[in-house]
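In what follows, a structure is listed as structure tokens, so that the remarks can point back to it.
4 protein chains.
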Amino acid sequence: MPMSTQAAPELQVSRWFNTPTPLSLAALRGRVVVIEAFQMLCPGCVSHGLPQAQRVRQAFAREDVEVIGLHTVFEHHAAMTPVALEAFLHEYRIGFPVGVDAASETGPIPRTMAAYGMRGTPTLLLIDRTGRLRQHHFGQVEDLVLGAQIAQLIGEPVTAIALTSGA
Amino acid sequence: MPMSTQAAPELQVSRWFNTPTPLSLAALRGRVVVIEAFQMLCPGCVSHGLPQAQRVRQAFAREDVEVIGLHTVFEHHAAMTPVALEAFLHEYRIGFPVGVDAASETGPIPRTMAAYGMRGTPTLLLIDRTGRLRQHHFGQVEDLVLGAQIAQLIGEPVTAIALTSGA
Amino acid sequence: MPMSTQAAPELQVSRWFNTPTPLSLAALRGRVVVIEAFQMLCPGCVSHGLPQAQRVRQAFAREDVEVIGLHTVFEHHAAMTPVALEAFLHEYRIGFPVGVDAASETGPIPRTMAAYGMRGTPTLLLIDRTGRLRQHHFGQVEDLVLGAQIAQLIGEPVTAIALTSGA
Amino acid sequence: MPMSTQAAPELQVSRWFNTPTPLSLAALRGRVVVIEAFQMLCPGCVSHGLPQAQRVRQAFAREDVEVIGLHTVFEHHAAMTPVALEAFLHEYRIGFPVGVDAASETGPIPRTMAAYGMRGTPTLLLIDRTGRLRQHHFGQVEDLVLGAQIAQLIGEPVTAIALTSGA
């Protein structure tokens, strides 16, 4: 996998669902983080991305992998409000933490989406145990490939990577 | 099929999408009418009911069959507003006419939904050429069965039925 | 639908499964007959045609519609023997009558397949109550469309058609 | 994963398809081996197991992972002959090597199937780079889980394992 020595941009979230306290990548160091960036009215997110994220949540232990939904609304802002999202998460029985990507003051693209240069939704990001972005999938990614990529990151020794990236 | 001599209750719609003029069952006499009652945040409607209604629209000629969506919001009213519905119809490429079931002044169940005694969403109604309700499906109905029921209604001679039901 | 005044070619079957006595179109006059022509090693037959035929068997009453499988082997003859077919029907839990299309003495195409001019498998044929071929689908046909076509044939008055075709 | 220090039983194959020379686990040391044990008339193998094996073949490099089909016929022997299997592999476009599990002289269960104690088909076996059996799945296994298990085996250092298992 491609690898950089830089930490992935921190999440900028205006509101969290399904978690008692806000999450941050910094606080999740040591675990692999799967970020499912979606919009509740995006058909590909509803039919593919979110069900896949739910399968990831089931397939891996929480001590190894954290799954986070990120509601990256870049169109139809009046339709995809936090109130609407809350109803959506309830109806679709999405139980993992979901953050609302913080609105930008300068345009329709929310802040985390912009920081990662996402091209649309669904986008799936994989962050390794040391906090670096290792995969950025726009559109669909196969379960077999995703399972392998997650397992590879789980298997990396944290200290060895930290030393390597410390240069 | 069960048959009554009474006309199906008229649609009570507060706003229409995908049609230049309001629709009514009265004006559609002579054609079979398929009504897909849904909520935009109802998973079974999104995965089954609405795609089936789109297939019905493709499979039958418009001179024989009219397909109408009815947004029967009975929960999460703040989430499923007309603005949100408009974005939903755009994203899911739903091209047939969709009416917003008129809100009741006395409770969460909208007026047409109440008049038909619908139990939830998705609900599919079949109205015959003479304006009578002939099928009321709550939940999923198989394409083979639905295709057969629509064809049966198409095949009925309008005048003969009118005479029969005129008694 | 296109309609001719000629009866559909009779089935030429060398062996029957799932029926105590041989079937013939002549003996099935009065009912609509759905013929699913397949090969047991044809992927489209296994994934689409045969499951659809099973759904037809479930969706319609046997007094209205007879479903018949026809094993039209035109390639890999050594692989798709009656012994292999029997195991296939058992494993795939196909319960409707299945006939083995009789081999030709002059080439690989079996006799019924040749008589109908079938282009390959799966092929679905619809025979009306008076014994005439009314639909000939090569490849996939949608459940909605098939359900409608069967219902139309069920709804035709047998006597009226007989008078018309008697000319 | 459970791990033993014993090598997985060698394949006992009476005939190979899709490979110019016979394969053996011994000769594949150094690579992860995925064995898809199937019967050509087993519906779960056709709808799930074999398509999954094809996806594995696509998702991983051949230098890391070898995919082998094993035709473990334990019923309907007269139907699932090598001639029939050859037609099946052609029609279903299965391109990876497939071996016919050698018949036993004492019963219906073929030799490799018996050596592994397989309970039926489909069965998926994972052999690590050092030749040990690491996973034995009877029935369906999810793509996400399988992808992760394969990646874990790919990631194991061969020499370290060899030292460990050398005791």
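Residue numbers (our numbering), protein chains in the order written: chain A, 1 to 167; chain B, 1001 to 1167; chain C, 2001 to 2167; chain D, 3001 to 3167.
Heads up, the beta-carbon is just placed ideally off N, CA and C, and yes, glycines get one too.
Here the structure is a predicted model, which means the values were calculated and not measured.
Find the nearest neighbour of residue i within the set the options, judged by alpha-carbon distance.
{"i": "P2108(C)", "options": "R2119(C), V2098(C), I2150(C)", "result": "R2119(C)"}
{"i": "E1075(B)", "options": "G1099(B), Q1058(B), C1042(B)", "result": "C1042(B)"}
{"i": "D3101(D)", "options": "E3063(D), G3139(D), A3115(D), R3055(D)", "result": "A3115(D)"}
{"i": "F2096(C)", "options": "V2033(C), G2117(C), G2131(C)", "result": "V2033(C)"}
{"i": "L2028(C)", "options": "L2146(C), T2106(C), D2128(C)", "result": "D2128(C)"}
{"i": "H77(A)", "options": "S104(A), G139(A), Q54(A)", "result": "S104(A)"}
{"i": "V3065(D)", "options": "A3079(D), F3017(D), R3031(D)", "result": "R3031(D)"}
{"i": "P2020(C)", "options": "G2099(C), T2072(C), H2137(C), M2113(C)", "result": "G2099(C)"}
{"i": "R1132(B)", "options": "V1158(B), A1148(B), F1017(B)", "result": "V1158(B)"}
{"i": "Q152(A)", "options": "F17(A), L89(A), F60(A)", "result": "F60(A)"}
{"i": "H3137(D)", "options": "N3018(D), M3080(D), A3053(D)", "result": "A3053(D)"}
{"i": "S47(A)", "options": "L85(A), Y92(A), R15(A), Q6(A)", "result": "Y92(A)"}
{"i": "D2143(C)", "options": "R2055(C), P2022(C), T2130(C)", "result": "R2055(C)"}
{"i": "F1088(B)", "options": "M80(A), E86(A), H90(A), A87(A)", "result": "M80(A)"}
{"i": "H2090(C)", "options": "Q2012(C), M2040(C), Q2135(C)", "result": "M2040(C)"}
{"i": "R15(A)", "options": "T72(A), E63(A), R57(A)", "result": "T72(A)"}
{"i": "P2082(C)", "options": "L2011(C), Q2058(C), F2017(C), E2063(C)", "result": "F2017(C)"}
Note the first and the last residue of the continuous beta strand (DSSP E) segment covering residue i.
{"i": "R962(B)", "result": "This structure cannot speak to residue 962(B), because chain B is shown only from 1001 to 1167."}
{"i": "H2090(C)", "result": "Note, H2090(C): premise wrong, no beta strand (DSSP E); alpha helix (DSSP H) at 2082–2091."}
{"i": "D64(A)", "result": "Careful: D64(A) lies outside any beta strand (DSSP E) and carries neither H nor E."}
{"i": "D3101(D)", "result": "3098–3101"}
{"i": "R2015(C)", "result": "2013–2017"}
{"i": "A2115(C)", "result": "It is not in any beta strand (DSSP E) - A2115(C) instead sits in the alpha helix (DSSP H) that spans 2111–2116."}
{"i": "A3037(D)", "result": "3032–3038"}
Rounded to whole angstroms, how far is the Cβ of residue i from the Cβ of residue j, which I believe are closer than 8 angstroms?
{"i": "C45(A)", "j": "P122(A)", "result": "4 angstroms"}
{"i": "A37(A)", "j": "L25(A)", "result": "14 angstroms between Cβ atoms; not a contact."}
{"i": "I3035(D)", "j": "L3146(D)", "result": "The pair is not a contact, with the Cβ atoms about 13 angstroms apart (cut-off 8 angstroms)."}
{"i": "A1084(B)", "j": "A84(A)", "result": "6 angstroms"}
{"i": "L2070(C)", "j": "T2112(C)", "result": "6 angstroms"}
{"i": "I1068(B)", "j": "L1023(B)", "result": "6 angstroms"}
{"i": "G155(A)", "j": "G3155(D)", "result": "5 angstroms"}
Run through chain D and tell me which residues come within less than 7 angstroms of residue i, C-beta to C-beta.
{"i": "Q152(A)", "result": "A3151, G3155"}
{"i": "V2098(C)", "result": "Within 7 angstroms Cβ-Cβ: nothing; V2098(C) doesn't reach chain D, min ~15 angstroms."}
{"i": "V2046(C)", "result": "V3046"}
For a contact meaning CB atoms closer than 7 angstroms, what does residue i contact in chain C?
{"i": "C3042(D)", "result": "E2091"}
Starting from residue i, find everything on chain D with Cβ-Cβ shorter than 8 angstroms and list it in chain order.
{"i": "A59(A)", "result": "E3142, L3144, V3145, A3148"}
{"i": "R55(A)", "result": "E3142, L3144"}
{"i": "F2088(C)", "result": "L3041, A3079"}
In the DSSP assignment, find the alpha helix (DSSP H) that holds residue i and state where it starts and stops.
{"i": "L2124(C)", "result": "Not the alpha helix (DSSP H): L2124(C) falls in the beta strand (DSSP E), residues 2123–2127."}
{"i": "R1134(B)", "result": "Taken as a continuous stretch (DSSP letters only), R1134(B) belongs to no alpha helix (DSSP H), being part of the beta strand (DSSP E) at 1133–1138."}
{"i": "A3151(D)", "result": "3143–3155"}
Name the chain B residues whose beta carbon is nearer than 9 angstroms to that of residue i?
{"i": "V83(A)", "result": "H1076, A1078, A1079"}
Could you tell me whether any non-hydrogen atom of the ligand NAP is closer than 6 angstroms to the CB of residue i?
{"i": "V3056(D)", "result": "The ligand NAP is not part of the structure shown, which contains no ligands of any sort."}
Please decide whether residue i counts as near chain G, where near means a Cβ-Cβ distance under 7 angstroms.
{"i": "E86(A)", "result": "Structure shown: chain G not included; protein chains present are A, B, C and D."}
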